[in-house]
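Asks: Input: one structure, supplied below.
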Amino acid sequence: VGVNVPLAYAVSLGLFLSAIAAFILIRTSGKPARIENPLSPLDSVKEGLAYVWQTKIVLGAISLDLVVVLLAGVALLTPIFARDILHVGPQGFGLLRASFGVGAMLVAIYLSRFPIVRNGGRWMFSAVAVFGVCTLTFGLSKVVWLSGLALFIGGAADMISVNVRQTLIQLATPDHMRGRVSSVSMLFIGASNELGEAYSGVMVRLLGAVGAAVFGGVGALAATGGWAAMFPSLRKADKLD
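Residue numbers (our numbering): 482 to 722.
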């Protein structure tokens, strides 16, 4: 299979431009409400953090994502697995890296047409558990097709979790707090991704690539059970419409 690097970057650029165009085409239905006494940026962040801390559904949803991504993010490990364990070249590595995104994209398309509307908490915890199992499977796999399948299903499960989590957070937050809470959520998402890569590097140093992935998968499953016990209101969350 031939590799056309300029074409790959051109496609990526085209997709980014399409996303920007889609945002530009969004039209609002009215003007936002005027705030009489606007808070300073720092006070807004403090208020958002306070609301997240006091609202168990929001706190549980955000913190579960933080812990699971920190423990079970295997994206940084795929080059090691591709070269040293699965023994595939650049094309095989590319397929492994794409598998997670393809699974997530297909589920996102499906959910845009058939959204989850009931049993939100159960869906989210189940998806996180599946993500943990997929991470564990990826760590133990010695064959390319199983590793790719684990990443594909893991991406699909992650998208379900993201979809339900963000919906629950929005529904549990009053209108005047949504911007601040969304900012806190995005802050934690960004932090978990960056810290997760640093954590993966440390764990590979300590346990090796396989050990790091297996430990992450087991940790994600343990976190799922722990959060389900600590945040019963999140586990029992139902309607998403």
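We put the beta carbon where it would ideally sit given N, CA and C, even for glycine.
Only a predicted model underlies this, so the values are computations on that prediction, with no experimental measurement involved.
Could you give the distance in angstroms between the alpha-carbon of residue 557 and the alpha-carbon of residue 507?
Replies: So the two alpha carbons sit approximately 34 Å from each other.
Asks: Considering just the uninterrupted stretch of the alpha helix (DSSP H) at residue 585, what are its terminal residues?
Replies: Residues 571-594.
Asks: Note down, one range per segment and in chain order, each alpha helix (DSSP H) of at least 4 residues found wholly within the segment 613-661.
Replies: 625-652, all fully within the segment 613-661.
Asks: Does the Cβ of residue 492 have 16 or more other Cβ atoms within 10 Å, making it buried, or fewer, making it exposed?
Replies: It counts as exposed.
Asks: Cutting at 7 Å between CB atoms, please list the residues of its own chain near residue 553, excluding the five before and the five after it.
Replies: Hits under 7 Å: 612, 613, 616, 697, 698, 700, 701.
Asks: Count the CB pairs spanning the segment 658-677 and the segment 523-532 that are closer than 8 Å, and state whether there are at least three.
Replies: Counting Cβ pairs under 8 Å, three or more are found: they touch.
Asks: Measuring alpha carbon to alpha carbon, tell me which residue in 563, 543, 581, 580 is nearest residue 574.
Replies: The residue with the shortest Cα to Cα distance from residue 574 is 563.
Asks: Check for me: the alpha helix (DSSP H) holding residue 554 runs from which residue to which?
Replies: Taken as a continuous stretch (DSSP letters only), residue 554 belongs to no alpha helix (DSSP H), as it is neither H nor E.
Asks: In chain order, what residues of the same chain have a beta carbon less than 8 Å from the beta carbon of residue 541, not counting five sequence neighbours either side?
Replies: Cβ neighbours of residue 541 beyond the five flanking positions: 708, 711, 712, 714, 715.
Asks: What is the DSSP secondary structure of residue 719, reduced to helix, strand or coil?
Replies: Three-state result, residue 719: coil.
Asks: Give me, in chain order, the residues of the same chain whose beta-carbon lies closer than 8 Å to that of residue 600; leave out the 5 immediate sequence neighbours on both sides.
Replies: These residues qualify, in order along the chain: 719.
Asks: Using the rule of at least 16 other Cβ atoms within 10 Å of the residue's Cβ for burial, across every protein chain shown, is residue 753 buried or exposed?
Replies: For the chain, the structure presents residues 482 to 722; residue 753 sits outside this window and is missing.
Asks: Where residue 498 and residue 642 are concerned, what is the direct C-alpha to C-alpha distance, given to the nearest angstrom?
Replies: Roughly 27 Å separates the two Cα atoms.
Asks: Quick check on residue 548: does DSSP put it in helix, strand or coil?
Replies: Helix.
Asks: With 16 as the cutoff for other CB atoms within 10 Å, does residue 624 come out buried or exposed?
Replies: Exposed: under 16 other Cβ atoms inside 10 Å.
Asks: How would you label residue 639, buried or exposed, when you count the other beta carbons within 10 angstroms and need 16 or more for buried?
Replies: Residue 639 is buried by the Cβ-count criterion.
Asks: Starting from residue 486 and walking both ways along the alpha helix (DSSP H), at which residues does that stretch end?
Replies: Run containing residue 486: 486-505, per the alpha helix (DSSP H) assignment.
Asks: How about the segment 670-681 and the segment 583-592: do they share at least three Cβ pairs that are nearer than 8 Å?
Replies: The segment 670-681 vs the segment 583-592: no contact.
Asks: Residue 567 lies in the alpha helix (DSSP H); which residues open and close that run?
Replies: Looking at the DSSP string, residue 567 is not in any alpha helix (DSSP H), and its letter there is neither H nor E.
Asks: At which residues does the alpha helix (DSSP H) containing residue 533 begin and terminate?
Replies: Where residue 533 is concerned, the enclosing alpha helix (DSSP H) stretches over 522-535.
Asks: With 16 other CB atoms within 10 Å as the buried threshold, where does residue 629 fall?
Replies: Result: buried.
Asks: I'd like to know if the segment 680-690 and the segment 532-540 are in contact, where contact means that at least 3 CB-CB pairs between them fall below 8 Å.
Replies: No, because fewer than three Cβ pairs between the segment 680-690 and the segment 532-540 fall closer than 8 Å, the two stretches do not touch.
Asks: Between the alpha carbons of residue 680 and residue 593, how many angstroms are there, rounded?
Replies: About 33 Å.
Asks: Assign residue 486 to one of two classes, buried (16 or more other C-beta atoms within 10 Å of its C-beta) or exposed (fewer than that).
Replies: Result: exposed.
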